[in-house]
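For the protein sequence lines, the chains are R and A, in the order given. The numbering used here applies: residue 27 is where the first sequence begins, and numbers increase by one. The numbering used here applies: residue 114 is where the second sequence begins, and numbers increase by one. Backbone N, C-alpha and C define an ideal beta-carbon position, used for all residues, glycine too. Working notes, structure below.
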Amino acid sequence: MKIRSSKAKWIAVCFVLPALIIYTVFQIIPLIGAFYFSLSDWNGLAGSPITFVGLDNFKRIFEDAGFILSLKNMAKMVILSVLFHTPIALLMAVAIQGKTKGAKFFKAVYFVPTVFPLTAVGLLWYFIFMPNGSLNTILTNIGLEKLAVPWLVENATAMNTIIFVNIWAGVGYYMVILLAGLTTISTDVYEAAAIDGATPVKRFFYITVPLLKPIIKMCILMDIIGSVKVFDLVFVMTEGGPNGLTNLPTTLMYQEAFKYDHYGVGSAIGIIILLICLAGTILSEVVTSKKEES
Amino acid sequence: MKKNKITPLSVLKYLFLILMAAMFIMPLLFTLLSSVKDNREIFSNPFGLPEVFRFDNYVTAWQDANMSQYFLNSILISLATIVLLALFCSMAAFIISRFEFKASKWVMVFFLIGMMVPMHTILVPVAYIIGMFNLKNNLVVLVLLYVAFNIPFSVMVLANFMKGISKSLEEAAIIDGASYFRIYWNVALPLTVPAISTISIFNFLGAWNNVLFPLLFINDQKLKPISLGLLNFNGERGSQYGPLMAAIAITVFIPLVIYLLFQEKVEGGLAAGAVKE
């Protein structure tokens, strides 16, 4: 439909305006503000002056061992999540698909944690992993007390434990997306391959995986961006401890800004998180547009 | 294909499925069992059935630990969020998708910018605005933050859906002299209900599950939503494990019910949203 009269134009504007105003005030203006704050120093008190300090905040961050550690933790979180999420999700999806008995049950069980608040998920696992938690009780009961360690307190295990919970809580999400992808592969292809004598394992590697490649790639990129943004799990399970060893840029940003009142530094970390996500998104655009070309 | 023959591979498949299911059920079962036990039993016998079912843990969590208040707050916040989003986003999507004018493409691009903005990036400026206008402990602002963050996804889904609806009905309505508002309300909106219900489920879960915004902007006990209230409970009575587990069960109850009721919708919307991105 074409908009002809100027009155109609005003009506059109009025329809878009509520969403546009809320979105601009609470997302776009703060986004611009974030760049400004990242170049400034502010102590967080309303009315106190904001001083421009240039790139000092960024300099300070990259000289801070705590931030470098949080970046390393983030890299570990991203790499391990990617290594486990999509492959396990793919195996789940392939196993569920078809004439599997109890498919609906299995799908629901794997997916259900993804709809839960991560605070509840984190707390739930916290009670399992805490020093006198149920995991260590079980290990002791079956005579493996040597393996019982304070999972979330020990330096060697704390970060890996959080990453494990992140994998657990997210795998169902990727499974559902891959399942939707699997339904687009025609059964003819599999039947033809079966007649040609291809074993199920061969069919998986030579048909399923190649045909799902675009969706697998997309899952991986979504996983990268998602893992960069993890906050709740760390906040609930360790608060970044012991001694900041499990901090991610997100939790460090929270502490710098809202615990130590270094709002400029916090904002600078926020900008770095944005840039990392942006790089991930651009990467995914490049990959998906390639998919459409081929 | 062969029919239900037991092959080593199918045995392996079910073994994998059952093992994985155990990985997911055990922690949930542990929480559920612990929610009706006392501390001693939780530690001595984490996976056994309780000697007595202590349902009073739920009463403790619901009443003494204020979970009822948090629960109600979250219902209120989440409902307000989805109503505003459904209304404002369908209005915007109606114009963007149904009318031809130069700006519509740019409006859409403008809305899509927000999809890439992580919450952490804008926390400091939002805190500044909230401090400046004294908006701490203001549930309206909290709802508007949720609305703002879910506008990009909602407008995108609704606009894509509305593009697919036949325009003949509207054109007939225009010829009949119906106003734009009537066309939106009586023609476009009823046809968009499937997409609106999809975004509403996601937006509800998003508002229910978020903890970051209330963590920073709500510190009044009476106004806290459930995700934050749960942490509060843990901070105050971290050693009352039974009631705490009951509180976890209460917190995940609504998302669980939503998923069970709208399983197809949740999964379908997820896949569609992901593939579209």
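- Here I164 (chain R) is not near P163 (chain A), since their CB atoms are 8 Å or more apart.
- Runs of the alpha helix (DSSP H) lying entirely within the region 71 to 151 of chain R, each at least 4 residues long, are 82 to 89, 91 to 122 and 129 to 137 in chain order.
- For N263 (chain A), the CB contacts under 7 Å within the same chain, skipping 5 residues up- and downstream, are L198, N316 and G319 in chain order.
- Proximity of L150 (chain R) to chain A, defined by a Cβ-Cβ separation below 8 Å, is satisfied.
- Beta-bridge annotation (DSSP): D67 (chain R) is paired with R:T77.
- Going by beta carbons, P368 (chain A) and F142 (chain R) fall inside the 8 Å limit.
- For E154 (chain A), the uninterrupted alpha helix (DSSP H) segment begins and ends at N152 to S157.
- The criterion of a C-beta distance shorter than 8 Å is satisfied by S203 (chain A) and L302 (chain A).
- Restricting attention to R:G124, R:G270 and R:G159, the CA atom closest to the CA of W177 (chain R) is found in R:G159.
- Between G80 (chain R) and R86 (chain R), the alpha-carbon positions lie close to 11 Å from each other.
- A direct Cα-Cα distance of roughly 13 Å separates A206 (chain A) from I296 (chain A).
- Taken atom to atom, the span from the alpha-carbon of F137 (chain R) to that of I246 (chain R) is near 18 Å.
- Excluding five sequence positions before and after I297 (chain R), the CB atoms of its chain that fall closer than 7 Å to its own CB belong to A60, F61 and S64, given in chain order.
- In the DSSP assignment, E171 (chain R) falls outside any alpha helix (DSSP H), carrying neither H nor E.
- Residues of chain A whose Cβ lies closer than 8 Å to the Cβ of Q281 (chain R) do not exist; the shortest such Cβ separation is about 12 Å.
- Proximity of the region 292 to 311 of chain R to the region 194 to 213 of chain R falls short of the contact definition, fewer than three beta-carbon pairs being nearer than 8 Å.
- Of all residues in the region 247 to 277 of chain A, only L257, L258, V260, A261, F262, I264 and V268 place a beta-carbon less than 7 Å from a beta-carbon of chain R.
- In this structure, N345 (chain A) sits near K337 (chain A), with a CB-CB distance shorter than 8 Å.
- Taking C-beta atoms as the reference points, N273 (chain R) and L57 (chain R) fail to come closer than 8 Å.
- A buried status is given to P327 (chain A), since no fewer than 16 other beta-carbon atoms sit within 10 Å of its beta-carbon.
- Within the region 241 to 265 of chain R, those residues whose Cβ lies closer than 9 Å to any Cβ of chain A are, in chain order, I241, M244, C245, M248, I251, V254, K255, F257, D258, F261 and V262.
- In the structure shown, N251 (chain A) falls within a coil segment according to DSSP collapsed to helix, strand and coil.
- Among the CB atoms of chain R, none fall inside 8 Å of the CB of A174 (chain A).
- Among the residues of the region 137 to 162 of chain A, those with a Cβ less than 7 Å away from any Cβ of chain R are F137, I138, P140, F143, T144, F156 and P159, in the order of the chain.
- For a cut-off of 8 Å, the C-beta gap from T264 (chain R) to I189 (chain R) is around 12 Å, too long to register as a contact.
- In the three-state reduction of the DSSP assignment, L329 (chain A) falls in the helix class.
- Excluding residues up to 5 positions away in sequence, nothing lies with its Cβ nearer than 6 Å to the Cβ of N251 (chain A) in the same chain.
- If you draw a 10 Å sphere on the C-beta of D177 (chain A), you find fewer than 16 other C-beta atoms in it, and that means exposed.
- Taking a beta-carbon distance threshold of 8 Å, F155 (chain R) does not count as an interface residue toward chain A.
- Any Cβ of chain A closer than 8 Å to the Cβ of F88 (chain R) would place that residue at the interface, and such an atom is absent.
- Taking each of A:H233, A:L128 and A:Y171 in turn and checking the Cα distance to M358 (chain A), the smallest one comes out for A:Y171.
- Taking a Cβ-Cβ threshold of 7 Å, the residues of chain A close to F284 (chain R) are L329, in chain order.
- Going by C-alpha positions, L109 (chain R) is about 41 Å away from K249 (chain A).
- Under the Cβ distance rule, F52 (chain R) counts among the residues neighbouring chain A, one pair being separated by less than 8 Å.
- Counting C-beta pairs with one atom in each stretch, the region 250 to 265 of chain R and the region 232 to 241 of chain R have fewer than three that are closer than 8 Å, which means they do not touch.
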